[in-house]
Amino acid sequence: MVALIIFLFASPVLGWDGIYPVLMVLYGIGTASTGGIIKFKALSIGGYVSMFIGLVAFYLGFEIQLFLLALSVMVSFIIPGHLLPKN
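Throughout the sequence shown, residue numbering follows the UniProt record's numbering, covering 1 to 87 in sequence.
Right under this line is the structure:
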């Protein structure tokens, strides 16, 4: 939460072109960490892929960043969520 507030205040300096990639990397870190804690490989892989997509997004335009944001959410949250075993 604190990181989100810092990035929102830094957005006029970075511009919105720099905020979305940072957020993708941040939730990729959280997703990979959660996957490691619960020992669920698909969630960890999704987090690493999200971090990679966030790093690539720094070098691309804003419109493509929005597409990569949707791809990152799908790879790191939606697909592993469907693969989670029911307990």
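Every residue gets a Cβ at the ideal spot worked out from N, C-alpha and C, and that includes glycine.
Non-local C-beta neighbours of Leu68 in its own chain, meaning closer than 6 Å and more than five positions away in sequence, comprise Ile53, Ala57, ordered along the chain.
Here Val25 is not near Leu71, since their CB atoms are 8 Å or more apart. Between Ile64 and Asp17, the alpha-carbon positions lie close to 10 Å from each other. Ile29 and Gly46 do not touch by the CB rule: their CB atoms are close to 12 Å apart, not below 8 Å.
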